[in-house]
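A.B. asks: The structure follows.
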Amino acid sequence: MRLNAPSRAPLLHFVDIYGRRVDIGGSGRRTLLCFFRDAACPFCNFRIYELTNHHPALSTLGLDIVAVFSSTPEAVQRFVARKPRPFSVIADPSSHAHETYGIERSLWRKLKGIVTRVPTLIKGLRIVGLAGLNTTNLMPADFLIDEDGNIAEAYYGGDAGDRIPLERVELFLARGMLARAGVKPAAQAAVHS
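Each residue of the sequence shown is one higher than the last, beginning at 179 in my numbering.
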């Protein structure tokens with residue numbers, strides 16, 4: 179069952195592929211929790227590439243990124259983490275975390291992503307090779323979680339390559355910075371004047 183915002187983020191406790199403990203829900207920092215498909219998924223690997231490139235700026239703004247793959251640690255090391263990643267990467271071969279957050283499966287939406295996102299598919303296949311052609315029907319999802327462990331936004335992918343736009347992540351971070359500074363958003367300030 180899908181989770182909605184605003185609601186409390188289900189607590190998850192992991193050890194990432196680098197041996198670090200990772201806790202989801204109430205870490206005291208803003209978090210982008212990304213649920214990925216298989217470690218060989220071309221769309222997923224291209225998104226990891228994007229997140230790696232944007233990580234310095236997002237981290238400076240106070241964001242933790244946690245990437246959860248429904249794959250074995252060996253597969254995650256082979257495809258996703260063959261280059262070091264500046265954020266937590268989790269192997270969840272049992273898909274327990276995926277189930278907890280209501281991640282869906284759909285053959286139709288997988289095929290839709292393949293047909294409608296050809297340029298991204300090709301870029302991803304350059305990263306993972308032909309192994310990227312043999313993936314499951316698991317769909318992606320992203321969750322923006324605030325410092326208190328609340329889901330600010332739940333984004334379930336409409337197809338195998340559909341991810342939350344980075345602009346929405348940046349807006350989430352900007353709102354957090356304003357809240358910490360005690361500044362009310364313009365619409366809210368106008369109501370109170």
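Backbone N, C-alpha and C fix where the C-beta goes; we use that ideal spot for every residue, glycine too.
#1: Thinking C-beta only, is Ser-266 closer than 7 angstroms to Asp-320?
#2: Out of curiosity, what's the CA-to-CA distance linking Ile-268 and Leu-229?
#3: If contact is defined by three or more beta carbon pairs under 8 angstroms, each pair taking one atom from either stretch, is the region 289–304 in contact with the region 318–337?
#4: Please classify Ile-329: does DSSP put it in a helix, a strand, or coil?
#5: Distance check for Pro-251 and Gly-360, CA to CA, integer angstroms please.
#6: Confirm, please, whether the CB-CB distance from Phe-213 to Gly-276 is below 7 angstroms.
#7: What is the rounded straight-line gap between the Cα of Arg-346 and the Cα of Arg-256?
#8: List the DSSP bridge partners of His-191.
#9: When the Cα of Asn-223 is compared with those of Pro-234, Ser-237, Arg-263, Leu-285, which residue comes out closest?
#10: Whole angstroms is fine: what's the gap from Asn-231's alpha carbon to Leu-190's?
#11: Hey, out of Leu-322, Phe-247, Ser-272, Val-258, whose CA is closest to Arg-208's CA?
#12: CB Ala-187 to CB Gly-203, shorter than 7 angstroms?
#13: Consider the Cβ of Ser-273: report whether some Cβ of chain D lies at a distance smaller than 7 angstroms.
#14: Hey, would you say Leu-285 sits closer than 7 angstroms to Asn-328, going by beta carbons?
#15: Give the single residue among Leu-210, Pro-297, Thr-313, Asn-182 whose Cα lies nearest to the Cα of Pro-343.
#16: Going by the CB atoms, is the gap between Val-306 and Pro-220 shorter than 7 angstroms?
#17: Just to confirm, are Val-246 and Ala-217 a CB contact at a threshold of 7 angstroms?
#18: Using a threshold of 7 angstroms, state whether the C-beta atoms of Arg-180 and Gly-280 are closer than that.
C.D. replies: Straight from the coordinates:
#1: Within the sequence shown, the letter at position 142 stands for residue 320. Within the sequence shown, the letter at position 88 stands for residue 266. Their beta carbons are not under 7 angstroms apart, which means Asp-320 does not touch Ser-266 by this criterion.
#2: Here residue 268 is taken as the residue at index 90 of the sequence shown, counted from 1. Here residue 229 is taken as the residue at index 51 of the sequence shown, counted from 1. In a straight line, the C-alpha of Ile-268 is about 15 angstroms away from that of Leu-229.
#3: yes
#4: Here residue 329 refers to the residue found at position 151 when the sequence shown is read from its first residue. Strand at Ile-329.
#5: Position 182 of the sequence shown, counted from the first residue, corresponds to residue 360. Position 73 of the sequence shown, counted from the first residue, corresponds to residue 251. For Gly-360 and Pro-251, the distance between alpha carbons rounds to 42 angstroms.
#6: On the sequence shown, position 98 is the one that residue 276 refers to. On the sequence shown, position 35 is the one that residue 213 refers to. Here residue 276 is His; the residue named in the question, Gly, does not match the sequence. In this structure, Phe-213 lies closer than 7 angstroms to His-276 by Cβ.
#7: Mapped onto the sequence shown, residue 346 falls at position 168. Mapped onto the sequence shown, residue 256 falls at position 78. The alpha-carbon atoms of Arg-346 and Arg-256 are separated by roughly 30 angstroms.
#8: Here residue 191 refers to the residue found at position 13 of the sequence shown. In the DSSP output, where bridge partners are listed per residue, His-191 has Asp-201.
#9: As a position in the sequence shown, residue 223 is number 45, starting the count at 1. Of Pro-234, Ser-237, Arg-263, Leu-285, the residue nearest in Cα terms is Arg-263.
#10: Position 53 of the sequence shown, counted from the start, is the residue given in the question as residue 231. Position 12 of the sequence shown, counted from the start, is the residue given in the question as residue 190. Each residue's alpha carbon lies about 26 angstroms from the other.
#11: Residue 208 sits at position 30 when you count from the first residue of the sequence shown. Here the closest residue by C-alpha is Leu-322.
#12: Position 9 of the sequence shown, counted from the start, is the residue given in the question as residue 187. Position 25 of the sequence shown, counted from the start, is the residue given in the question as residue 203. Yes; because the gap between Cβ atoms is below 7 angstroms, this pair is in contact.
#13: In the structure shown, chain D does not exist; there is a single protein chain.
#14: Taking the first residue of the sequence shown as 1, we reach residue 285 at position 107. Taking the first residue of the sequence shown as 1, we reach residue 328 at position 150. Going by C-beta atoms, Leu-285 is not nearer than 7 angstroms to Asn-328.
#15: Position 165 of the sequence shown, counted from the first residue, corresponds to residue 343. Checking every option, the nearest Cα to that of Pro-343 belongs to Leu-210.
#16: Working through the sequence shown from its first residue, we reach residue 220 at position 42. Working through the sequence shown from its first residue, we reach residue 306 at position 128. Against a cut-off of 7 angstroms, the Cβ pair of Val-306 and Pro-220 comes out as a contact.
#17: On the sequence shown, residue 246 is found 68 positions in, with the first residue counted as 1. On the sequence shown, residue 217 is found 39 positions in, with the first residue counted as 1. No, the pair does not count as a contact, with Cβ atoms beyond the cut-off.
#18: Numbered from its first residue, the sequence shown carries residue 180 at position 2. Numbered from its first residue, the sequence shown carries residue 280 at position 102. The criterion of a C-beta distance shorter than 7 angstroms is satisfied by Arg-180 and Gly-280.
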